[in-house]
Amino acid sequence: MKRKINFNAGPAMLPMEVLQEAASAIEEYKNTGISILETQHRGKDFEAIIEESKQLVRLLCNIGNDYEVLWMQGGGRLQFSLIPMNFLLNRAAYIDSGHWANQGIESSKFIGETVTIASSRNINYTKLPQLPTEIDGDYSYLHFTTNNTIYGTQWQEMPKYNIPLIADMSSDIFSGKRDYTQFDMFYAVAQKNLGIAGNTLVVIKKELLQHQARKLAPIFCYNNHVLENSILNTANVFGIYVSLLMLRWITKKTLVQIENENNQKAQLLYDTIDNNPHFNAYIQDKSDRSFMNVCFTANDALIEEKLLDSCAENNITGIKGHRSIGGFRVSLYNAITSNDVKKLVAIINSIN
Ligand code: PMP
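Using the working numbering, you'd call the opening residue of the sequence shown number 2 and step up by one each time.
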């Protein structure tokens with residue numbers, strides 16, 4: 002097999018070491034005589050996987066025992082509903098910075114009063130919205146998306162108000178150093194920087210967990226997932242195992258080095274697009290640009306086709322933009338190397 006460079010936004014490329022270790026665990030997990038795919042969710046082996054993964058998340062985030070670390074199923078979309086179900090008492094505040102942020106808002110409206118305090122929807126999310134200096138009202142929390150996967154914007158400074166802050170970090174978790182203690186809750190689907198689709202990392206401050214807004218059936222209630230140590234129902238053993246392998250890989254590499262590489266990768270690609278007359282970056286304001294998802298368009302359909310063809314010929318896949326905005330989207334998650342980006346840049350520069 003000739004492995005392709007895969008710039009997809011998620012499910013995304015994984016490091017070869019992680020794939021190899023996962024493949025070997027599919028044959029046999031740790032001399033147990035059974036595959037990781039057959040491993041019991043209530044056995045000692047899986048308990049050890051859960052414990053180590055929680056430990057590594059705590060170390061990477063530099064957070065203490067005042068936070069609970071959970072693995073859940075149901076993707077980002079389940080979190081969009083569980084957050085208001087668990088925590089929305091009177092009203093909740095939301096920032097509308099992209100498609101997924103907006104989906105969070107729409108889900109919250111089923112549960113209670115949902116106030117959008119800032120939005121850039123009317124300009125097709127080509128910028129991050131301007132935040133109000135203060136917000137008044139007894140909001141249970143403020144929800145926002147740290148990185149907007151479809152449009153390619155990313156907050157560098159986190160919003161700061163006197164209410165609990167909840168962040169969807171699905172597309173930029175562990176892409177660099179960050180002060181995680183400013184969040185009361187954060188979550189990330191695994192299929193980008195943290196493994197494969199099917200499990201979601203959810204981290205919640207114990208203080209916030211005490212503010213249960215309503216009685217819920219156990220499966221919908223974060224407190225029950227905490228009580229059951231993420232094994233309330235049959236857990237996604239393999240998905241969580243792959244996330245553990247990714248957490249080990251990130252820890253070994255260090256967030257400092259990962260951040261340096263991600264900055265260099267993004268800088269090189271944005272410079273290439275900005276200096277090329279055939280292409281335009283979707284996000285013009287440099288301070289709003291995402292280091293994870295670089296979106297751009299070609300000036301005409303022929304150039305677009307040439308770039309797609311040339312990438313296909315050169316074993317590069319996954320650069321087509323999301324169907325809602327078209328053009329190109331190149332996702333630069335942690336497993337993408339600087340060399341991968343240099344190869345793409347050489348192809349972009351050769352198009353005329
Ligand atoms: N949030 C963000 C930032 C996303 O990029 C996505 C898409 N992967 C989601 C939420 C939705 O995740 P899922 O498809 O797992 O529900």
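Each residue gets a CB set at the ideal place from its N, CA and C atoms; glycine is no exception.
Residue i in three-state terms, based on DSSP
i      : result
Met73  : strand
Ile124 : helix
Leu209 : helix
Leu202 : strand
His279 : coil
Lys321 : strand
Thr252 : helix
Ile51  : helix
Tyr242 : helix
Phe221 : helix
Leu20  : helix
Ala26  : helix
Asp180 : coil
Asp169 : strand
Asp310 : helix
Phe111 : coil
Ala267 : helix
Proximity to residue i [Cα-Cα], best of the options
i      : options                        : result
Val331 : Arg59, Ala13, Thr146           : Ala13
Ile124 : Ile284, Leu345, Met293         : Ile284
Asn149 : Gly11, Ile349, Thr298, Val342  : Gly11
Ser288 : Leu83, Thr127, Asn230, Arg59   : Thr127
Gln131 : Leu210, Trp156, Arg179         : Trp156
Arg327 : Leu309, Lys45, Lys254, Tyr334  : In the sequence as presented, Arg is not what sits at residue 327; that position holds Gly. The shortest C-alpha separation from Gly327 is found at Leu309.
Ala299 : Lys344, Asn335, Ile349, Ser291 : Ile349
Met170 : Ala191, Thr147, Glu158         : Thr147
Tyr30  : Ser172, Thr115, Val238         : Val238
Gln192 : Gly113, Gly240, Ile118         : Gly240
Asp341 : Arg324, Asn316, Gly322, Ser325 : Asn316
His100 : Ile112, Leu83, Leu129          : Leu129
Glu167 : Leu195, Leu210, Thr154, Asn194 : The residue asked about is misnamed: residue 167 is Ile in this sequence, not Glu. Closest option to Ile167, Cα to Cα, is Leu210.
Lys307 : Phe329, Ser291, Arg290         : Phe329
Ile151 : His323, Leu333, Lys343, Ser339 : His323
Expected contact under 8 angstroms - CB spacing of residue i and residue j to nearest Å
i      : j      : result
Asp97  : Tyr142 : Asp97 to Tyr142, Cβ: 15 angstroms. No contact.
Pro160 : Phe145 : 6 angstroms
Asn230 : Ile64  : About 17 angstroms; that fails the 8 angstroms criterion.
Ser176 : Asn281 : Not really, about 24 angstroms apart at Cβ, beyond 8 angstroms.
Ser54  : Pro85  : That belief does not hold up - the Cβ atoms of Ser54 and Pro85 are roughly 27 angstroms apart, past 8 angstroms.
Cys312 : Ile304 : That pair is no contact at about 13 angstroms.
Phe88  : Ala214 : 5 angstroms
Asp173 : Met2   : At roughly 30 angstroms, the Cβ-Cβ gap does not stay under 8 angstroms, so Asp173 and Met2 are not in contact.
Asn103 : Arg122 : 7 angstroms
Leu83  : Phe297 : 35 angstroms between Cβ atoms; not a contact.
Residues near residue i by beta carbon distance below 7 angstroms, same chain, minus five either side
i      : result
Thr134 : none
Val257 : Lys178
Pro219 : Asn225, Leu233
Leu246 : Val19, Glu22, Ala23
Thr182 : Ile64
Contact set for residue i: own chain, Cβ-Cβ below 6 angstroms, skip 5 residues either direction
i      : result
Ile232 : His42
Ala26  : Ile37
Gln80  : Tyr188
Leu57  : Leu248, Thr252
Beta-carbon contacts of residue i that lie in its chain and below 8 angstroms, excluding the five residues immediately before and after
i      : result
Ile337 : Ile6, Phe8, Met14, Lys266
Val346 : Leu269, Leu270, Thr273
Leu61  : Phe175, Leu248, Ile251, Thr252, Leu256
Leu333 : Phe8, Asn263, Lys266, Ala267, Leu270, Phe292, Met293, Asn294, Val295, Val342
Short CB-CB distance (under 8 angstroms) between residue i and chain B
i     : result
Glu48 : Among the chains of the structure shown, chain B does not appear; only one protein chain is present.
Could you tell me whether the segment 342-353 touches the segment 32-40, where touching means 3 or more Cβ pairs closer than 8 angstroms? no
Three-pair Cβ contact test at 8 angstroms for the segment 35-55 versus the segment 262-273: no
With contact counted as at least three CB pairs below 8 angstroms, one residue from each stretch, are the segment 81-92 and the segment 133-146 in contact? yes
Can you confirm whether the segment 199-210 touches the segment 14-27 when touching is taken to mean that 3 or more C-beta pairs between the two stretches lie within less than 8 angstroms? no
Counting beta carbon pairs with one atom in the segment 190-201 and one in the segment 72-81, are three or more of them shorter than 8 angstroms? yes
Under 8 angstroms, with one C-beta from each stretch per pair, do the segment 215-228 and the segment 269-280 reach the 3-pair mark? no
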